[in-house]
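In what follows, a structure is listed as structure tokens, so that the remarks can point back to it.
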Amino acid sequence: MGHVLRWSALFVVAGAAAWLLARFWRVTAIGAAYKAKVLASTIFGTGRTIDAGRADEVRADSYRALRLFRAHVDPGSRSVTVSFLGLRPRTAIYRAGLGATLAPPGGLARQSDILLPPASAPPWPEGGGSAELRRVVESAFSEPDPGRLRRTRAVVVVHDGRIVAERYAPGFTASTRLPGWSMTKSVLGALIGILVADGRLSLQDRELLPQWRAPDPRAEIRLEDLLRMRSGLRFSEAYSDLSSDVIEMLFNRPDTATYAADQPLSVAPGTAWSYSSGTTNILSGLIRRAVGEADYLGWPRRVLFDPIGMNSAFIEPDASGTYVGSSFMLATVRDWARFGQLYLQDGLWDGQRIVPEEWVRFCTSPTPQSPGGIYGAHWWLKLKPELGGETAAAARIPPDAFFAVGHEGQTLTVVPSLRLVVVRLGLSIYLDAWNHAAFLADVQETF
21 MGHVLRWSAL FVVAGAAAWL LARFWRVTAI GAAYKAKVLA STIFGTGRTI
71 DAGRADEVRA DSYRALRLFR AHVDPGSRSV TVSFLGLRPR TAIYRAGLGA
121 TLAPPGGLAR QSDILLPPAS APPWPEGGGS AELRRVVESA FSEPDPGRLR
171 RTRAVVVVHD GRIVAERYAP GFTASTRLPG WSMTKSVLGA LIGILVADGR
221 LSLQDRELLP QWRAPDPRAE IRLEDLLRMR SGLRFSEAYS DLSSDVIEML
271 FNRPDTATYA ADQPLSVAPG TAWSYSSGTT NILSGLIRRA VGEADYLGWP
321 RRVLFDPIGM NSAFIEPDAS GTYVGSSFML ATVRDWARFG QLYLQDGLWD
371 GQRIVPEEWV RFCTSPTPQS PGGIYGAHWW LKLKPELGGE TAAAARIPPD
421 AFFAVGHEGQ TLTVVPSLRL VVVRLGLSIY LDAWNHAAFL ADVQETF
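Be aware that the sequence shown starts at 21, since it is given in the working numbering, and climbs by one per residue.
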């Protein structure tokens, strides 16, 4: 009996050791990839210094463990290589107009720089904001809880097409590009709308990919189902779980669209809502197929960014060359506001129609399967609980407001009834550190 117990104990210990080793191996790979990507985007994309990037982006609050990962920044090749004790190094390479991409073995030979327009943005009328509005905006940069820092970096308020309030944290300016994380999803949705207007895509299209052809049950997924996050595909969106699909896709796979599209169904298409970054990257892959290889990388700038003056904006591609439309776009806070203003103006800019007629109404109509109609088509219609969506302040927000929301407290708010666009960008590591509902309610009461 003792012999059996000893062997059983040995197997348990060996199994635990194997699990810990596998966990350690994955942590080293994901940690290196995350730090390399974020640092490359920060140092070469936003224009901030190496020291600022190291201090703010990858050492803040719960990211302190990333200090153990050593980063080598090479300004000549515009690359950042990160590893833990030299194990499993990951390199992110920056290309002008494309941003930072995690490089697979063999590099990124298929992609090259894209020429950006002049850095100076078209003029935007300013002035008219009240002293009370300026006080509210100033309060967004305060730190009421030292243990749960907000780290607001930039705020801009646009009313009737005029910038009426604007403020930046030290080290940030009107020309600093900042990541929107999942706010990028709403931009990707606009690009889909442009293709729908062109007749190259239809909301009722099925059999969207070769691997989704009948009799595969995924053949029933419609383009509208993808836009409304009800594809039925299995996908875990847990950022705290290093084995989740979203972490695997963003930081360990060279082809984000294919990884997401290869997932099986968990429920029938169109029957259940489930927020998924993978869904957006499938849409990005569909854009690539519809536009064609020759035009794809420059197409968002030609049809969206340039026409509305978003000169600073770019979406970063994965190693396969597909834009990571779920998560990786940088722009100045003013340019994020321009995108919101486009939707406030029902898709028109200086008399030119950018997104199709009725597209804004489609995007802001509730998806019935989403809880309480919280989601439309790649736009949020209500704030999530961690942003104050279930507080008394949320009840003060006009019901026609809609939101683009991103990781770490990024928010773009459009309020048509008040002719108002509000953008707040920051680095709020704790989910509930930034109460956007309270801030927005205070802003609107100044008008």
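Note that beta-carbon positions come from the ideal geometry of N, C-alpha and C, so glycine has one too.
All of these numbers come straight from a predicted model, not from anything done at the bench.
Next on the checklist: Rounded to the nearest angstrom, what separates Leu-198 and Phe-422 at their Cα positions?
Outcome noted: For this step, residue 198 is matched to residue 178 along the sequence shown. For this step, residue 422 is matched to residue 402 along the sequence shown. In a straight line, the C-alpha of Leu-198 is about 21 Å away from that of Phe-422.
Item to check | Host beta strand (DSSP E) of Met-349 (start-end) | outcome: One-based indexing of the sequence shown puts residue 349 at position 329. 349-351 is the extent of the beta strand (DSSP E) around Met-349.
Item to check | Alpha carbon of Leu-59 to alpha carbon of Pro-95, nearest angstrom | outcome: Here the question's residue 59 lines up with position 39 in the sequence shown. Here the question's residue 95 lines up with position 75 in the sequence shown. When rounded, the distance between both Cα atoms is 12 Å.
Checklist entry - Pro-436: which of Ala-424, Gly-409, Ala-339 and Gly-360 sits nearest, CA to CA? => result By one-based count along the sequence shown, residue 436 stands at place 416. Looking at Ala-424, Gly-409, Ala-339 and Gly-360, the one whose alpha-carbon comes closest to that of Pro-436 is Gly-360.
Item to check | Chain-order list of residues whose beta-carbon lies under 6 Å from that of Ile-70 (same chain, five-residue window excluded) | outcome: Within the sequence shown, residue 70 is the residue found at index 50, counting from 1. Cβ within range, chain order: Ile-63 and Val-93.
Checklist entry - Expressed to the nearest angstrom, what Euclidean distance is found between the alpha-carbon atoms of Met-330 and Glu-257? => result On the sequence shown, residue 330 is found 310 positions in, with the first residue counted as 1. On the sequence shown, residue 257 is found 237 positions in, with the first residue counted as 1. Between the alpha carbons of Met-330 and Glu-257 lies a gap of roughly 29 Å.
Next on the checklist: Rounding to the nearest angstrom, what Cα-Cα distance links Leu-221 and Leu-247 in this structure?
Outcome noted: Along the sequence shown, read from residue 1 onward, the residue named residue 221 stands at position 201. Along the sequence shown, read from residue 1 onward, the residue named residue 247 stands at position 227. Going by C-alpha positions, Leu-221 is about 12 Å away from Leu-247.
Checklist entry - Measuring CA to CA, which of Pro-145, Gln-365 and Lys-57 is closest to Ala-185? => result Locating residue 185 in the sequence shown gives position 165, where the first residue counts as 1. Out of Pro-145, Gln-365 and Lys-57, Pro-145 has the C-alpha closest to the C-alpha of Ala-185.
Checklist entry - Distance, Cα to Cα, Leu-303 vs Ala-292? => result For this step, residue 303 is matched to residue 283 along the sequence shown. For this step, residue 292 is matched to residue 272 along the sequence shown. So the two alpha carbons sit approximately 18 Å from each other.
Checklist entry - Just how far apart, CA to CA, sit Arg-74 and Tyr-188? => result Sequence index remark: in the sequence shown, residue 74 carries index 54 (1-based). Sequence index remark: in the sequence shown, residue 188 carries index 168 (1-based). Rounded to whole angstroms, Arg-74 and Tyr-188 show a C-alpha spacing of 20 Å.
Checklist entry - Do you know offhand how far Leu-401's Cα is from Tyr-395's? => result If you number the sequence shown from 1, residue 401 lands on position 381. If you number the sequence shown from 1, residue 395 lands on position 375. Distance between Leu-401 and Tyr-395, taken at the CA atoms: about 5 Å.
Checklist entry - With a Cβ-Cβ cutoff of 8 Å, do Ile-267 and Asp-275 count as a contact? => result If you number the sequence shown from 1, residue 267 lands on position 247. If you number the sequence shown from 1, residue 275 lands on position 255. For Ile-267 and Asp-275, no; Cβs fall outside 8 Å.
Item to check | Simplified DSSP state of Gln-361, which is helix, strand or coil | outcome: For this step, residue 361 is matched to residue 341 along the sequence shown. In this structure, Gln-361 counts as helix in the three-state DSSP scheme.
Next on the checklist: Can you tell me which residues form a DSSP beta bridge with Ala-368?
Outcome noted: For the purposes of this step, residue 368 is taken as residue 348 along the sequence shown, with counting starting at 1. One point to set straight first is that residue 368 is Leu, not Ala, in the sequence displayed. For Leu-368, DSSP records a beta bridge to Arg-373.
Item to check | Gln-430 (DSSP reduced to helix, strand or coil) | outcome: Translated into the one-based positions of the sequence shown, residue 430 becomes position 410. Three-state result, Gln-430: strand.
Checklist entry - Tyr-279 lies in the alpha helix (DSSP H); which residues open and close that run? => result Numbered from 1 along the sequence shown, position 259 holds the residue referred to as residue 279. Per DSSP, the unbroken alpha helix (DSSP H) holding Tyr-279 starts and ends at 276-281.
Next on the checklist: Taking its Cβ as the centre, do 16 or more other Cβ atoms sit within 10 Å of Pro-289, making it buried, or is it exposed?
Outcome noted: Residue 289 sits at position 269 when you count from the first residue of the sequence shown. Burial call: buried.
Item to check | Collapsed DSSP secondary structure at Gly-446 in the structure displayed | outcome: If you number the sequence shown from 1, residue 446 lands on position 426. The DSSP-derived three-state label of Gly-446 is strand.
Checklist entry - Bridge partners of Trp-400, per DSSP? => result Numbered from 1 along the sequence shown, position 380 holds the residue referred to as residue 400. Listed as beta-bridge partners of Trp-400 by DSSP are Tyr-395 and Phe-423.
Checklist entry - Can you tell me the Cα-Cα spacing of Arg-154 and Leu-270, whole angstroms? => result For the purposes of this step, residue 154 is identified with residue 134 of the sequence shown, where counting begins at 1. For the purposes of this step, residue 270 is identified with residue 250 of the sequence shown, where counting begins at 1. In this structure, the alpha-carbon of Arg-154 lies about 38 Å from that of Leu-270.
Checklist entry - For Val-32, which three-state DSSP category applies? => result Here residue 32 is taken as the residue at index 12 of the sequence shown, counted from 1. Bear in mind that the predicted position of Val-32 carries a pLDDT of just 48, short of 50, making it too unreliable to give a figure here.
Checklist entry - Which of helix, strand or coil does DSSP assign to Ile-241? => result The sequence position of residue 241 within the sequence shown is 221, counting from 1. Looking at Ile-241 - three-state DSSP - the assignment turns out to be coil, as it is neither helix nor strand.
Checklist entry - With DSSP run on the structure shown, which of helix, strand or coil describes Leu-41? => result Here residue 41 refers to the residue found at position 21 of the sequence shown. Since pLDDT at Leu-41 reaches only 47, below the 50 mark, its modelled position is unreliable, and the value read off the structure follows with that caveat. Collapsing the DSSP output to three states places Leu-41 in a helix.
Item to check | Enclosing alpha helix (DSSP H) for Ser-159 [first to last residue] | outcome: Looking up residue 159 in the sequence shown gives position 139. Start and end: 151-159.
Checklist entry - Mapping DSSP to helix, strand and coil, what is Ser-437? => result Counting from 1 along the sequence shown, the entry for residue 437 is found at position 417. In the three-state reduction of the DSSP assignment, Ser-437 falls in the helix class.
Item to check | Ser-385 versus Pro-230, Asp-420, Arg-444 and Leu-368, residue with shortest Cα-Cα distance | outcome: For the purposes of this step, residue 385 is taken as residue 365 along the sequence shown, with counting starting at 1. Scanning Pro-230, Asp-420, Arg-444 and Leu-368 for the CA closest to the CA of Ser-385 turns up Asp-420.
Next on the checklist: Run through the DSSP bridge pairs and tell me what His-179 is partnered with.
Outcome noted: The count along the sequence shown starts at 1 and reaches residue 179 at position 159. According to DSSP, which records beta bridges pairwise, His-179 is partnered with Arg-182 and Leu-440.
Checklist entry - Around the C-beta of Ser-150, are 16 or more other C-beta atoms found within 10 angstroms, so that it is buried, or is it exposed? => result As a first step, residue 150 must be located in the sequence shown, where it is residue number 130. By the neighbour-count definition (other C-beta atoms within 10 Å, threshold 16), Ser-150 is an exposed residue.
Item to check | Residue closest to Pro-418, alpha-carbon to alpha-carbon, out of Ala-53, Ala-457 and Gly-393 | outcome: Along the sequence shown, one-based indexing puts residue 418 at 398. Per the Cα distances, Ala-457.
Checklist entry - Taking the continuous beta strand (DSSP E) assigned at Asp-236, which residues delimit it? => result Within the sequence shown, the letter at position 216 stands for residue 236. It is not in any beta strand (DSSP E) - Asp-236 carries neither H nor E in the DSSP assignment.
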